[in-house]
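Report on the following structure.
Right under this line is the structure:
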């Protein structure tokens, strides 16, 4: 999960209930569930019946249902302009970042259960496809263990050319398709081979 070449992304989801960002690798079709999330599993090949596999599998189908239930919105001009003027730094993986607010708290460790607020949009047209702010509920997930797309893990934990985020920080990530949902896209909401922009706020560890 440290290089773009390893990633074949699939499967996010958005909803009024809870959101996230989907992890990598092809996944099989799942039945829709009442909650919503962009979160998903890189371990679609995990043994059937395992609790972690069941939990992640249940999340894979949520984006399609959420996409049908809610319309996409265009990012306000002010927000788009702010992102456009952000001084992005590009890492060797192709992931770009710009810190809009540097945190003063601790850096998360790999595997830590953290909480983040975020807004996700398509880089091509600034259309917002998911926002935890709109739901009023941050995303909780374990960072660095492929519960989310690779671009998120690298953008939060840090990688070559990118420092780790600190609690309280806000970072804009420009994620190439190879570190996002790849050629598969996601749920009819994110087209294939889409570069994505995520504005991420690291609230800290879940307490």
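Residue numbers (full-length UniProt numbering): 1 to 207. Note that the Cβ used here is the ideal one computed from N, Cα and C, for glycine as well. Remember, it's a predicted structure, so these values are computed and weren't measured experimentally.
So who's on the other strand from residue i, going by DSSP bridges?
| i | result |
| --- | --- |
| residue 115 | 140 and 204 |
| residue 186 | 190 |
| residue 89 | 97 |
| residue 198 | 120 and 173 |
Give the range of the alpha helix (DSSP H) segment to which residue i is assigned.
| i | result |
| --- | --- |
| residue 135 | 132-135 |
| residue 174 | Looking at the DSSP string, residue 174 is not in any alpha helix (DSSP H); the run it does join, the beta strand (DSSP E), is 170-175. |
| residue 157 | 150-157 |
By a C-beta neighbour count over all protein chains shown, 10 Å radius and 16 as the cutoff for buried, is residue i buried or exposed?
| i | result |
| --- | --- |
| residue 133 | exposed |
| residue 183 | exposed |
| residue 87 | exposed |
| residue 66 | Reliability of the predicted coordinates at residue 66 is poor, the pLDDT of 38 falling under 50, and no value is obtained from them. |
| residue 159 | buried |
| residue 233 | Here the chain comprises residues numbered 1 to 207, so residue 233 is not present and cannot be evaluated. |
| residue 92 | exposed |
| residue 157 | buried |
| residue 13 | With a pLDDT of 39 at residue 13, under the threshold of 50, the modelled position of this residue cannot be trusted; read the value that follows with caution. Label assigned to residue 13: buried. |
Can you round the beta-carbon distance between residue i and residue j to whole angstroms, since I take them to be within the 8 Å contact cut?
| i | j | result |
| --- | --- | --- |
| residue 199 | residue 118 | 6 Å |
| residue 147 | residue 170 | Not really, about 21 Å apart at Cβ, beyond 8 Å. |
| residue 110 | residue 144 | 4 Å |
| residue 103 | residue 142 | At roughly 19 Å, the Cβ-Cβ gap does not stay under 8 Å, so residue 103 and residue 142 are not in contact. |
Compare the beta carbon distance of residue i and residue j with 8 Å and say whether it is the shorter of the two.
| i | j | result |
| --- | --- | --- |
| residue 155 | residue 139 | no |
| residue 116 | residue 203 | yes |
| residue 245 | residue 95 | Since the first residue of the chain shown is 1 and the last is 207, residue 245 is not available in this structure. |
| residue 128 | residue 120 | yes |
| residue 176 | residue 185 | no |
| residue 168 | residue 105 | yes |
| residue 205 | residue 114 | yes |
I'd like to know if residue i contacts chain D, where contact means its C-beta is closer than 8 Å to some C-beta of that chain.
| i | result |
| --- | --- |
| residue 104 | Judged by its chain identifiers, the structure shown contains no chain D, having just a single protein chain. |
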